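Participant: In terms of the working numbering, the numbers along the sequence shown are unbroken and rise by one, the last being 967. Cβ coordinates follow ideal geometry from the N, Cα and C atoms, glycine included. These numbers come from a predicted model, not from an experiment. I'd like to ask some things about the structure below.
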Amino acid sequence: MARMTAARAAVEILKREGVTHAFGVPGAAINPFYKALKEGGGVDHTLARHVEGASHMAEGYTRTHPGNIGVCIGTSGPAGTDMITGLYSAIGDSIPILCITGQAPTSVIHKEDFQAVDIASIAKPVTKMAVTVLEAAQVPGVFQQAFHLMRSGRPGPVLIDLPIDVQLTEIEFDPETYQPLPVYKPVASRAQIEKAIGMLVNSERPLIVAGGGIINADASELLVEFAELTGTPVIPTLMGWGIIPDDHELNAGMVGLQTSHRYGNATFLESDFVLGIGNRWANRHTGYKLDVYREGRKFVHVDIEPTQIGKIFAPDYGIASDAKAALELFVEVARELKAAGELPDRGAWIARGQEHKSTLLRRTHFDDIPIKPQRVYEEMNKAFGPETRYVSTIGLSQIAGAQMLHVYKPRHWINCGQAGPLGWTIPAALGVATADPDAQVVALSGDYDFQFMIEELAVGAQHRIPYVHVLVNNSYLGLIRQAQIGLDINFQVNLEFENINAPELGVYGVDHVKVAEGLGCKAIRVTDPAELGAAFEQAKKLAQEFRVPVVVEAILERITNISMSRTADISDVTEFEEIATEPWHAPSSIKTLKA
């Protein structure tokens with residue numbers, strides 16, 4: 373049996389669990405683990421500028437490819453507390469990441485030692501497991517259990533806290549015979565699937581609500597096949613966007629209060645049956661008026677987590693199952709029914725959804741200066757093709773982007789759906805671009821999200837991680853300003869000031885171009901909508917030439933109210949701006965407007 377430090381054993385387990393990359397910031401209490409990383413080899417490391425940034429990089433890394441597990445590493449005390457936001461974001465979206473923290477020696481943990489904090493207790497509510505390992509011999513078992521838990525059932529994050537003396541203690545460990553634990557996932561029965569399909573077949577206007585659990589299960593192709601077999605239109609959730617291509621005739625659009633399409637809401641409100649798979653009935657999708665969402669339709673809910681079924685409302689039928697296992701049976705039964713001629717013709721219902729898709733459109737083409745944000749997304753659709761991986765977080769930019777951009781593949785809309793922390797976008801995009809260095813990665817931020825973790829741009833410059841960051845700048849907390857309308861205030865949401873070092877900016881304040889360039893990146897500022905297309909093309913070339921992040925800043929009009937419900941009711945969405953009434957109003961829409 374080989375003898376090695378517990379830290380080295382942990383590194384050997386990481387490699388055997390498939391980890392090839394980590395993100396982090398070293399410190400005194402985690403240095404033995406970093407020594408093991410260096411000596412063990414096989415795990416590349418990206419040095420973040422902020423430990424929260426490392427946790428979001430790990431999230432982006434995980435979200436990019438099936439099977440990825442991002443790892444973030446920090447020292448004791450504030451490093452762990454900084455990563456709590458990343459853990460919260462990961463558990464909210466069912467994303468497995470492993471957070472490893474250093475800790476004070478076991479003998480002084482509870483003596484208010486320097487940077488000694490009970491990080492395991494702090495992290496427990498936002499992880500599947502959070503543990504401080506007090507015995508070195510337990511390190512292999514704890515890491516083995518961590519990967520088992522992250523992959524089993526509803527995926528999610530784990531935190532392992534390693535006191536420095538535990539890291540340094542030698543233990544007996546044989547990495548050559550190490551094996552990951554079997555992964556547990558609930559599996560639907562044939563009888564359950566037959567009952568659910570029977571309910572779908574007996575409906576007249578069925579829909580599938582396809583959630584992020586389908587993407588987590590790598591089951592998007594199965595979902596599309598099932599939808600095609602049964603002729604059932606699909607409503608992707610925000611976390612499920614990309615499961616079915618936007619231009620597929622069965623893609624009915626997104627539903628909800630904010631990140632939704634006019635045609636998606638209209639089609640949903642005409643449905644009489646909804647099969648939800650891998651979704652959690654998030655309030656921005658259902659609205660808070662569940663009577664409106666539920667009225668006149670039956671629901672079947674399939675989810676990997678049994679306690680998720682009935683959490684928001686009681687479905688007519690629930691199935692606890694991994695999405696892939698369920699969809700394999702859904703496809704099998706649907707094929708049999710089709711061969712027997714027992715599936716109804718849904719042609720008229722599909723055509724109705726397509727009619728909505730070609731008539732209920734929002735206007736994107738405006739020539740105004742300052743730029744209206746809708747034009748930015750129109751030009752993004754033209755400049756960035758179906759292979760683009762979009763990364764975004766929160767705010768009016770994310771909401772409008774979800775309403776107007778187009779996504780064609782799973783894991784090509786990478787969005788922090790539940791937590792929505794400002795600052796997430798830059799580090800997450802770096803994680804995505806690290807996981808898929810050959811991809812066209814395009815991030816989307818408002819000015820405040822961009823400023824929250826702007827220092828992480830230097831990580832892209834240092835480690836040569838190219839991507840394009842579209843920054844829409846109105847020098848406002850736009851979403852919060854819009855939310856304050858109902859309170860009849862406009863308070864503490866203004867970001868404008870006259871920058872004494874950049875008078876040409878007027879009241880737009882922060883000179884993002886100079887800041888980005890000062891951090892080693894490239895940046896372009898656009899004030900005329902006619903120049904957006906050329907700027908995006910130039911940005912793509914600069915990213916490839918210099919292998920650094922490239923920022924394209926669009927100077928927007930100060931106030932634009934983006935479409936959303938003011939009453940928390942999906943049947944009552946306010947279109948604050950002009951809707952499309954002529955084909956040229958929405959030239960990059962999926963279907964040409966029928967005037």
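1. Which term fits asparagine 440, buried or exposed, when burial requires 16 or more other beta carbons within 10 angstroms of its beta carbon?
2. State the Cα-Cα distance for the pair lysine 483 and leucine 506, rounded to the nearest angstrom.
3. If you draw a straight line from the alpha carbon of threonine 806 to that of arginine 435, how long is it in whole angstroms?
4. Please go through the same chain and pick out, in chain order, the residues whose beta-carbon is closer than 8 angstroms to the beta-carbon of asparagine 862, but skip the five residues on each side of it.
5. Determine, using beta carbons only, whether glycine 832 and proline 921 come nearer to each other than 7 angstroms.
6. With DSSP run on the structure shown, which of helix, strand or coil describes glutamate 827?
7. For a quick check, are the C-beta atoms of alanine 969 and isoleucine 543 less than 7 angstroms apart?
8. Taking contact to mean 3 or more Cβ pairs, one atom from each stretch, closer than 8 angstroms, check whether the segment 524–542 and the segment 498–513 are in contact.
9. Could I get the ranges of all uninterrupted beta strand (DSSP E) runs contained in the segment 863–945, with 3 residues as the minimum, in chain order?
10. What do you reckon, is the C-beta of aspartate 740 under 6 angstroms from a heavy atom of the ligand MN?
11. Examine the Cβ distances between the segment 566–579 and the segment 744–764 and report whether three or more of them are shorter than 8 angstroms.
12. Between the Cα of leucine 777 and the Cα atoms of Met626, Phe519, Asp740, which residue gives the shortest distance?
13. Helix, strand or coil for isoleucine 741 per DSSP?
14. Taking contact to mean at least 3 C-beta pairs separated by less than 8 angstroms, is the segment 895–906 in contact with the segment 812–826?
15. May I ask which residues mark the beginning and end of the beta strand (DSSP E) holding glutamine 475?
16. Roughly how many angstroms lie between the CA atoms of leucine 709 and leucine 715, to the nearest whole one?
17. Pick helix, strand or coil for valine 555, following the three-state DSSP scheme.
18. Quick one: Cα of alanine 568 to Cα of tyrosine 689, how far?
19. Starting from glycine 682, follow its DSSP beta bridges and name the residues at the other end.
20. Which residues does DSSP list as the beta-bridge partners of serine 764?
21. Could you say which of Ile771, Lys963, Glu566 lies nearest to isoleucine 934 if we only look at CA atoms?
22. Below 7 angstroms between beta carbons: does that hold for glycine 682 and methionine 429?
23. Please work out which residues of its chain come closer than 6 angstroms, Cβ to Cβ, to isoleucine 691, disregarding the five sequence neighbours upstream and downstream, and give them in chain order.
24. For the putative contact between valine 844 and leucine 928, defined by C-beta atoms under 8 angstroms, what is the C-beta separation to the nearest angstrom?
25. For the alpha helix (DSSP H) that contains methionine 429, what are its first and last residues?
26. Assuming valine 703 contacts glutamate 597 (C-beta within less than 8 angstroms), just tell me the rounded distance between them.
27. Quick check on the DSSP output: what are the complete alpha helix (DSSP H) runs of length 4 or more inside the segment 515–554, in order along the chain?
28. Secondary structure at glycine 396, three-state DSSP: helix, strand or coil?
29. Mind reading off the beta-carbon distance from threonine 499 to proline 529? Whole number of angstroms is fine, and I expect it under 8 angstroms.
30. Can you give me the C-alpha to C-alpha distance between leucine 849 and lysine 410, rounded to a whole angstrom?
31. Which of the three DSSP states, helix, strand or coil, is assigned to threonine 504?
32. Please check the pair alanine 476 and alanine 492, which I expect to be a contact at CB under 8 angstroms, by giving their CB distance rounded to whole angstroms.
33. Taking C-alpha atoms, which residue in Ala408, Asp465, Pro512 lies nearest to glutamine 790?
34. Counting pairs of Cβ atoms below 8 angstroms between the segment 444–457 and the segment 414–429, do you hit three or more?
35. Take threonine 631 and list the residues in its own chain whose beta-carbon comes closer than 6 angstroms to its own, dropping the five residues that flank it on each side.
36. Considering only residues of the same chain and omitting the five flanking positions on each side of alanine 698, which have a CB-CB separation below 6 angstroms?
Facilitator: Well, looking at it:
1. buried
2. 15 angstroms
3. 12 angstroms
4. Arg853, Gln856
5. yes
6. helix
7. Examination of residue 969 is not possible in this model, given that the chain is present from 373 through 967 alone.
8. yes
9. 894–898, 921–927
10. Although the ligand MN was asked about, the structure shown includes no ligands whatsoever.
11. no
12. Met626
13. coil
14. no
15. 469–475
16. 6 angstroms
17. coil
18. 7 angstroms
19. DSSP lists no partner for glycine 682.
20. Asn787, Leu816
21. Ile771
22. no
23. Ala560, Gln564, Val674
24. 5 angstroms
25. 423–436
26. 5 angstroms
27. 536–540
28. strand
29. 5 angstroms
30. 43 angstroms
31. strand
32. That belief does not hold up - the Cβ atoms of alanine 476 and alanine 492 are roughly 13 angstroms apart, past 8 angstroms.
33. Asp465
34. yes
35. Leu610, Ile771, Ala774
36. Ala560, Val674
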